[in-house]
Amino acid sequence: MVQTFWDHLILCCKTEVIKNDLSPQWKPVFLNIQQVGGKYVELRDLDTVEALSFFRFYYIRDNPLILECYNFNTNGKHDLIGKVQKSLAELVKLHASGQGGTLFLPTGGGRNSHNKVLKSRVYLDKFSESVQYSFLDYLSAGFELNFMVAIDFTASNGNPRLPDSLHYIDPSGRPNTYQKVEGIQGIMMAYTSALLNVSLAGPTLFGPVISNAALIASQSVATGARKYFVLLISQMEW
1 MVQTFWDHLI LCCKTEVIKN DLSPQWKPVF LNIQQVGGKY VELRDLDTVE ALSFFRFYYI
61 RDNPLILECY NFNTNGKHDL IGKVQKSLAE LVKLHASGQG GTLFLPTGGG RNSHNKVLKS
121 RVYLDKFSES VQYSFLDYLS AGFELNFMVA IDFTASNGNP RLPDSLHYID PSGRPNTYQK
181 VEGIQGIMMA YTSALLNVSL AGPTLFGPVI SNAALIASQS VATGARKYFV LLISQMEW
């Protein structure tokens with residue numbers, strides 16, 4: 001969990017429960033940069049004292065992580081087996097050295113509280129960092145923007161020859177529901193042409209449209225083209 005200004009911890013993530021295993025190995029955990037700097041870690045705990053356990057992850061200021069290992073109980077009252085607090089840099093060093101972080105168990109309370117060091121250790125099997133690029137990152141890197149538009153031509157939109165239809169072409173030039181986006185003249189012309197030559201039908205099928213758009217994008221990737229694809233589906237309001 002994240003520590004707020006009020007010193008509350010906000011849970012970052014939690015692993016799955018592993019049953020009947022004294023040396024559990026949890027599935028990879030993915031955290032974004034807002035949580036712990038965009039790191040990916042995979043944990044395994046050796047020499048644990050319980051056979052039914054899971055991990056909770058917390059982080060506080062300056063990116064230290066609090067890893068807590070619990071014995072799982074079906075009534076929801078889980079028993080804390082031990083915890084370890086390490087900064088992100090310390091976790092990287094542990095992974096590089098192959099050493100584990102020693103779990104401890106807080107005991108007592110108030111001024112008499114202290115940490116009981118345990119024999120159990122938690123190890124980082126895998127560690128990697130990746131950057132998730134934004135839409136603007138792609139454009140600034142020189143990617144070409146390809147914009148695909150799919151328009152709902154199902155019969156439920158109404159007869160385009162009648163004024164109450166969402167596809168009605170008003171002789172006065174007033175745009176209908178689907179024409180209210182201005183500045184994309186090519187799409188507007190293609191839409192008007194298709195409307196005059198295609199009969200509305202049903203049902204609404206998104207699958208073929210999405211599959212075709214994905215095929216176009218995958219072909220671009222295969223040729224190494226630097227293109228960013230966007231699919232817009234315009235349909236009637238339900």
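Position one of the sequence shown corresponds to residue 1 (the UniProt record's numbering), numbered consecutively onward.
Virtual Cβ for every residue (Gly too), placed ideally from N, Cα, C.
THR204 is a Cβ neighbour of THR154, given a cutoff of 8 Å. Pairing ARG174 with ASN32, the inter-Cα distance amounts to about 47 Å. Per DSSP, the unbroken beta strand (DSSP E) holding PRO64 starts and ends at 64-71. Ranking LEU118, ILE81, PHE229, LEU67 by CA distance to the CA of CYS13 puts LEU67 first. A check of alpha carbon separations from VAL17 across TYR70, LEU65, LEU11, PRO64 identifies TYR70 as the nearest. Note on the region 94-182: whole alpha helix (DSSP H) runs with a minimum of 4 residues are 135-140, in chain order. For secondary structure counted as the alpha helix (DSSP H) over 4 or more consecutive residues, the UniProt domain "Copine C-terminal" (177-233) holds these complete runs in sequence order: 185-197, 207-222. Taken through DSSP and simplified to helix, strand or coil, LEU91 comes out as helix. In the structure shown, LEU80 falls within a strand segment according to DSSP collapsed to helix, strand and coil. Pairing GLY142 with MET189, the inter-Cα distance amounts to about 28 Å.
Taking the Cβ atoms as the reference, LEU118 lies roughly 5 Å from GLY82, within the contact range of under 8 Å.
Comparing alpha carbon positions, the residue from PHE206, PRO208, GLY207, LEU231 closest to ALA217 is LEU231. Between the beta-carbon of GLN85 and that of PRO64 there is about 6 Å, and that keeps the pair under the 8 Å contact cut.
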